[in-house]
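Number of protein chains: 2
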Amino acid sequence: MNERQQARRPGGRGARVGAAVHQAVTDLVTDRGYGKFTVAEVAARAGVADSSIYRRWGSLETLLTDVALTRLNEQSPMPDTGTLVGDLRAYAAQVARVITGPDGLAVLRLTVALSSNGEKGLQARDAFLAERNEKLQSMLDRATARGENAPDALGVLDHVMAPMYVRILFGLGPLTPEYVDGLVDRLL
Amino acid sequence: MNERQQARRPGGRGARVGAAVHQAVTDLVTDRGYGKFTVAEVAARAGVADSSIYRRWGSLETLLTDVALTRLNEQSPMPDTGTLVGDLRAYAAQVARVITGPDGLAVLRLTVALSSNGEKGLQARDAFLAERNEKLQSMLDRATARGENAPDALGVLDHVMAPMYVRILFGLGPLTPEYVDGLVDRLL
Numbered sequence: 025m026n027e028r029q030q031a032r033r034p035g036g037r038g039a040r041v042g043a044a045v046h047q048a049v050t051d052l053v054t055d056r057g058y059g060k061f062t063v064a065e066v067a068a069r070a071g072v073a074d075s076s077i078y079r080r081w082g083s084l085e086t087l088l089t090d091v092a093l094t095r096l097n098e099q100s101p102m103p104d105t106g107t108l109v110g111d112l113r114a115y116a117a118q119v120a121r122v123i124t125g126p127d128g129l130a131v132l133r134l135t136v137a138l139s140s141n142g143e144k145g146l147q148a149r150d151a152f153l154a155e156r157n158e159k160l161q162s163m164l165d166r167a168t169a170r171g172e173n174a175p176d177a178l179g180v181l182d183h184v185m186a187p188m189y190v191r192i193l194f195g196l197g198p199l200t201p202e203y204v205d206g207l208v209d210r211l212l
Numbered sequence: 025m026n027e028r029q030q031a032r033r034p035g036g037r038g039a040r041v042g043a044a045v046h047q048a049v050t051d052l053v054t055d056r057g058y059g060k061f062t063v064a065e066v067a068a069r070a071g072v073a074d075s076s077i078y079r080r081w082g083s084l085e086t087l088l089t090d091v092a093l094t095r096l097n098e099q100s101p102m103p104d105t106g107t108l109v110g111d112l113r114a115y116a117a118q119v120a121r122v123i124t125g126p127d128g129l130a131v132l133r134l135t136v137a138l139s140s141n142g143e144k145g146l147q148a149r150d151a152f153l154a155e156r157n158e159k160l161q162s163m164l165d166r167a168t169a170r171g172e173n174a175p176d177a178l179g180v181l182d183h184v185m186a187p188m189y190v191r192i193l194f195g196l197g198p199l200t201p202e203y204v205d206g207l208v209d210r211l212l
């Protein structure tokens with residue numbers, strides 16, 4: 025567990041507050057959608073004081089990002105299959121599963137909501153994307169270290185992730201395994 | 025002018041109401057963002073009765089889609105340069121200009137907002153995308169008729185439009201002419 029995770033889930037009372045607040049956010053997102061509730065409503069549902077939320081997260085944007093990242097990391101740990109094609113296919117399949125799953129458009133909606141929410145929103149969005157990008161870059165670096173000819177992370181974003189995101193956003197699913205593998209094979 | 029456009033802008037009083045309502049929506053989107061205002065607020069700002077809006081557009085979703093499509097069609101008429109590569113490069117450059125312009129993420133935000141707004145929102149989104157897709161398909165059909173080897177419309181979406189949308193959504197702009205042309209050349 026790294027320092028950041030410790031700060032986020034310090035154990036004991038802090039851990040209980042963290043879990044209650046995460047659950048409250050998840051419930052409110054499901055019930056109403058992103059951008060349709062306040063810190064006060066999260067606090068009321070979690071049974072904590074507003075000030076506890078502001079003290080730990082600083083803003084609603086940072087809290088939303090923390091919840092989305094935690095969920096994303098639980099649902100899609102970065103694969104390590106031993107080959108680049110295996111890793112990328114497994115990664116793309118995970119992303120496809122998350123964005124077509126019960127949470128549906130949640131991560132995309134959050135990204136759009138943050139992009140529309142001023143400087144704090146943009147900072148939270150960039151922190152969210154930087155954390156995901158760092159993990160993808162590690163996967164590509166491992167391939168390069170093995171002597172494989174890896175694309176750069178932006179190439180993966182442009183030609184594997186972006187088509188999947190936009191197809192879901194535009195209601196052009198489902199994302200079949202053949203389609204997802206095809207995006208990876210075309211890139212490589 | 026086709027029948028649908030006539031229905032939308034019937035001239036005389038209808039045209040004045042249409043223009044006032046479109047302007048009111050554009051102002052409210054700029055001031056507050058999509059999903060942050062009601063039909064009653066549009067009506068008040070446009071100086072018309074709520075019932076005039078419901079009679080002509082049926083729902084807020086349909087009205088939002090009409091405004092977005094009208095703006096998009098004004099800003100990016102489909103090019104006809106005589107070659108596939110010329111048409112696709114011109115089309116991609118237009119889309120890049122619109123999504124990086126002063127309206128910024130507006131069209132993407134609208135698509136997400138509609139996707140999150142129940143059955144009526146989904147229908148409006150699909151009508152919006154179908155109208156854009158039909159125009160792209162005509163461009164590709166012209167190329168095929170000239171004997172060129174055209175990709176299908178989904179290929180253009182996946183590998184030219186989607187990367188641009190996602191880069192803007194994720195704050196990874198600007199979209200340089202070299203980048204945009206490169207997406208087209210890579211697809212062809």
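Protein sequence lines correspond, in order, to chains D and F.
Okay, so the first sequence: first residue is 25 according to my numbering, each after it adds one.
Okay, so the second sequence: first residue is 25 according to my numbering, each after it adds one.
Glycine included, each C-beta is placed from N, C-alpha and C at the ideal position.
Classification of residue i by the beta-carbon crowding that lies within 10 angstroms, buried from 16 upward
i	result
Asp165(D)	exposed
Thr89(F)	buried
Arg79(D)	exposed
Arg28(F)	With a pLDDT of 44 at Arg28(F), under the threshold of 50, the predicted position of this residue should be treated as unreliable, though the coordinate-derived value follows. By the 10 Å Cβ count, Arg28(F) comes out exposed.
Glu85(F)	buried
Ala43(F)	exposed
Arg170(F)	exposed
Ala174(D)	buried
Arg149(D)	buried
Ala31(F)	Caution applies to Ala31(F), whose pLDDT of 46 falls short of 50 and renders its modelled position unreliable; the model cannot decide the point.
Gly145(D)	buried
Asp111(F)	buried
Check whether residue i and residue j have beta carbons under 8 Å apart
i	j	result
Val208(D)	Val190(D)	no
Val6(D)	Val53(D)	With chain D covering only 25 through 212, there is no way to say anything about residue 6(D).
Leu93(F)	Glu143(F)	no
Gly197(F)	Thr135(F)	no
Arg109(F)	Met188(F)	Reading the sequence as shown, one finds Val at residue 109(F) and not Arg. No, Cβ-Cβ distance for Val109(F) and Met188(F) is not below 8 Å.
Thr105(D)	Ala114(D)	yes
Arg69(D)	Ala48(D)	yes
Leu75(D)	Gly195(F)	For clarity, residue 75(D) is Ser in the given sequence; the question names Leu instead. No, these two residues do not count as a Cβ contact at 8 Å.
Leu211(F)	Val180(F)	yes
Ser100(D)	Val66(D)	no
Val91(D)	Ile77(D)	no
Val204(F)	Ala117(F)	yes
Supposed contact pair residue j and residue i - C-beta distance, whole angstroms, cut 8 Å
i	j	result
Gln161(D)	Ala177(D)	5 Å
Taking a Cβ distance cut-off of 9 Å, strictly less, list which residues of the stretch 85-102 of chain F are near chain D, in chain order. none
Listed in chain order, which residues of the stretch 190-206 of chain F have Cβ atoms closer than 7 Å to some Cβ of chain D? Residues Val190, Leu193, Phe194 and Gly195.
Taking any Cβ of chain D, which residues in the stretch 149-183 of chain F have a Cβ under 8 Å from it, in chain order? Arg149, Asp150, Leu153, Leu178, Leu181, Asp182 and His183
By the 9 Å beta-carbon criterion, what residues does the stretch 42-69 of chain F contribute toward chain D? Gly57, Tyr58, Gly59 and Lys60
Please identify, using Cβ separations under 7 Å, the residues of the stretch 104-124 of chain D that lie next to chain F, in order along the chain. none
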